[in-house]
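All remarks here apply to the structure that follows.
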Amino acid sequence: MELCLMAQFNSLTESAMVVFAGNLSAWNQSMVPCPHLTLKPRSVGVACLLAAFISLAALGNALVILSVLYNRQLQTATNFFTGNLALADLLLSVCVLPFSATLEVLGCWPFGRAFCDVWAALDVLCCTASILSVCAIAVDRYVAVRHSLHYRIMVTRGRAAVALAFIWAVCAGLSVPPLLGWKEVPPNDTSVCTVTQEPGYALFSSLLSFYLPLAVVLAVYSQVYVVVRRTTLSLQTGVKRHRDYGDGATEVVLRIHRRGALVMDERGRSRRAHTRWLLRFSREKKAAKNLAVVVGIFILCWLPFFLILPLDFASAAPPQHCMWPSEVVFKVVFWLGYSNSCINPFIYPCSNLEFRRAFSRLLRFPRHRRAANEPMNCSHNNQRCGGHSYYKSLT
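Take 709 as the starting number for the sequence shown in the numbering used here and just add one per residue.
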């Protein structure tokens, strides 16, 4: 009996080894050896730099996602858009950038033609999702500033989920066409892999992936700036009037013009409601400033790439053309666009206290964890915890 079992076990083992060897052989055949591959010291340095860059991007975006998932205070409609931005950047860091770095270091594509097409599609998918998420955050901030009193009614979790589903549907619609044949004829050399350079698709994807979202972001943020500046000036007028009257005033101490209506706050009347509104506006004003940083970095990282991209797509032009970007310039702007996915996750902990606390808890920093759990040293009887303390923050 034992000999029979041993014989069956050996037979199964040999069969498994044959199957494994066959799969390994198929994988080796799918891997395309790079011709004349030689790793220079510069390539090793570039590999280390890109590995650190990708690891930092993956870690930062993973922390943002975990912070939103495990912190109930961060589970708001606004942070759903932030989490979606981090998800797109995390997918880019895990599914795209390692292969982009391999292509950069080796100078050739060793993974075969089929995976080259998949990699290019994932690149378009993740980058477009990241850009459209920035656009969604800008629109969300505009609604929060313009309609601060009704924001929670207008922007719900359900509507945010619908917006996110729409974003990913658009991204899928942009990334799939090259897989279905809307691309240039691939070269015979399977060690060459580039993003799709078919002129029609290049124009189509550039317009929907960047230029249209950029126009929306600039238009929306200009309106955010106008609303914040107008409301801040109104509050400054109210504070000046309040100081002129002093503590004995019984006249109007705060005037806020909203849609042509005059909202009046007399002493002792509706103070608590206005304090809540002032606190909310103070938060939204700070969020608008943070949005300016996000938008500025977004434009700085992506605009050079989408300006140079049409020049690179014009492959019929001779390389010595005066407008033709050099290979080094194209690589720099190529990775500059990728760098946006590494910078985004570190904007929020630098500007949002709740994200800093969540990061500290995830990274197990005891000092920050104790500070996060300490209550505010603020008495209800202290006027600085009321509306008066917010006048200074708003002005």
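Virtual Cβ for every residue (Gly too), placed ideally from N, Cα, C.
Item checked: Secondary structure of Cys-1009, DSSP reduced to three states -> Locating residue 1009 in the sequence shown gives position 301, where the first residue counts as 1. Helix at Cys-1009.
Margin query: Less than 8 Å between the C-beta atoms of Val-925 and Ala-846, yes or no?
Written below: Walking along the sequence shown from the start, residue 925 turns up at place 217. Walking along the sequence shown from the start, residue 846 turns up at place 138. Their beta carbons are under 8 Å apart, which means Val-925 touches Ala-846 by this criterion.
Notebook entry, point to check: Relative to the alpha-carbon of Val-1041, which residue among Arg-1069, Trp-1010 and Phe-1063 has its alpha-carbon at the smallest distance?
Noted result: Against the sequence shown, residue 1041 aligns to sequence position 333. If we check each option's Cα against that of Val-1041, Trp-1010 comes out closest.
Check: Are Ala-923 and Ala-868 touching if we call contact CB-CB under 8 Å?
Finding: Taking the sequence shown and counting its residues from 1, the one referred to as residue 923 is at position 215. Taking the sequence shown and counting its residues from 1, the one referred to as residue 868 is at position 160. No, the pair does not count as a contact, with Cβ atoms beyond the cut-off.
Check: The alpha helix (DSSP H) spanning Glu-906 covers which residue range?
Finding: Translated into positions along the sequence shown, residue 906 becomes position 198. Run containing Glu-906: none; DSSP gives neither H nor E here.
Next item on the list: Work out the CA separation of Phe-807 and Leu-814 for me, nearest whole Å.
Entry: Stepping through the sequence shown from its first residue, residue 814 is reached at position 106. Stepping through the sequence shown from its first residue, residue 807 is reached at position 99. When rounded, the distance between both Cα atoms is 10 Å.
Checklist line | Own chain residues within Cβ distance below 8 Å of Asn-792, not counting five before or after | finding: Translated into the one-based positions of the sequence shown, residue 792 becomes position 84. Cβ within range, chain order: Ala-837, Ser-841, Ala-844, Leu-872 and Ile-875.
Check: With burial defined as no fewer than 16 other Cβ atoms inside 10 Å of the residue's Cβ, what is the status of Gly-861: buried or exposed?
Finding: For this step, residue 861 is matched to residue 153 along the sequence shown. The sequence shown places Ile at residue 861, not Gly. By the 10 Å Cβ count, Ile-861 comes out exposed.
Check: In whole angstroms, what separates the C-alpha of Arg-1065 from that of Asn-769?
Finding: Taking the first residue of the sequence shown as position 1, residue 1065 is located at position 357. Taking the first residue of the sequence shown as position 1, residue 769 is located at position 61. When rounded, the distance between both Cα atoms is 16 Å.
Checklist line | Gly-815 - DSSP class collapsed to helix/strand/coil | finding: In the sequence shown, the residue the question calls residue 815 occupies position 107. Here Gly-815 sits in coil by DSSP.
Checklist line | Residue closest to Val-853, alpha-carbon to alpha-carbon, out of Leu-805, Phe-1063, Thr-939 and Asp-831 | finding: Counted from its first residue, the sequence shown places residue 853 at position 145. Nearest to Val-853 by alpha-carbon distance, out of Leu-805, Phe-1063, Thr-939 and Asp-831, is Thr-939.
Next item on the list: With DSSP as the reference, label Gly-889 as helix, strand or coil.
Entry: Reading the sequence shown from its first residue, position 181 is the one you call residue 889. Coil at Gly-889, not helix or strand.
Next item on the list: Determine the extent of the alpha helix (DSSP H) in which Ser-856 is found, giving its start and end residues.
Entry: Within the sequence shown, residue 856 is the residue found at index 148, counting from 1. No alpha helix (DSSP H) contains Ser-856, which DSSP labels as neither H nor E.
Check: Under 8 Å, do Ser-763 and Phe-1063 count as touching if we go by C-beta distance?
Finding: Translated into positions along the sequence shown, residue 763 becomes position 55. Translated into positions along the sequence shown, residue 1063 becomes position 355. No.
Checklist line | Span separating the alpha-carbon of Cys-1030 from that of Pro-907 | finding: The residue you call residue 1030 lines up with position 322 of the sequence shown. The residue you call residue 907 lines up with position 199 of the sequence shown. Reliability of the predicted coordinates at Cys-1030 is poor, the pLDDT of 48 falling under 50, and no value is obtained from them.
Checklist line | Cβ shell of Ala-828 (< 7 Å), same chain only, five flanking positions each side left out | finding: Here residue 828 refers to the residue found at position 120 when the sequence shown is read from its first residue. Pro-886, Val-903 and Thr-904, listed in sequence order.
Notebook entry, point to check: Sorted by chain position, which residues of the same chain lie with C-beta nearer than 6 Å to Leu-805's C-beta, five sequence neighbours on each side aside?
Noted result: Within the sequence shown, numbered from 1, the residue matching residue 805 stands at position 97. The answer, listed in chain order, is Ile-762.
Item checked: Where the alpha helix (DSSP H) containing Asn-896 begins and where it ends -> Against the sequence shown, residue 896 aligns to sequence position 188. Counting along the chain, Asn-896 falls outside any alpha helix (DSSP H), and DSSP gives it neither H nor E.
Next item on the list: Give every residue of the same chain whose Cβ lies closer than 7 Å to the Cβ of Tyr-850, excluding the five residues on either side of it in the sequence, and list them in chain order.
Entry: Counting from one through the sequence shown, the residue named residue 850 turns up at place 142. Around Tyr-850, the same chain offers Val-928, Gln-931 and Val-932 as residues with beta carbons nearer than 7 Å, after the five sequence neighbours per side are excluded.
Check: Helix, strand or coil: which one does DSSP assign to Arg-821?
Finding: The count along the sequence shown starts at 1 and reaches residue 821 at position 113. Helix, per DSSP.
Margin query: Within 10 Å of its beta-carbon, does Ser-1034 have 16 or more other beta-carbons around it, so buried, or fewer, so exposed?
Written below: Position 326 of the sequence shown, counted from the first residue, corresponds to residue 1034. Classification of Ser-1034: exposed, given that the 10 Å Cβ count is below 16.
Check: DSSP on Thr-810, reduced to helix/strand/coil?
Finding: Counting from 1 along the sequence shown, the entry for residue 810 is found at position 102. When DSSP states are grouped into helix, strand and coil, Thr-810 belongs to the helix group.
Checklist line | Buried versus exposed call for Asp-831 [16 or more other C-beta atoms within 10 Å across all chains shown] | finding: By 1-based counting over the sequence shown, the position of residue 831 is 123. By the neighbour-count rule (16 or more Cβ atoms within 10 Å), Asp-831 is buried.
Check: Given Pro-1012, which residues of its chain have a CB within under 7 Å of its CB, disregarding the five upstream and five downstream residues?
Finding: Position 304 of the sequence shown, counting from 1, holds the residue named residue 1012. Cβ neighbours of Pro-1012 beyond the five flanking positions: Val-1041 and Leu-1044.
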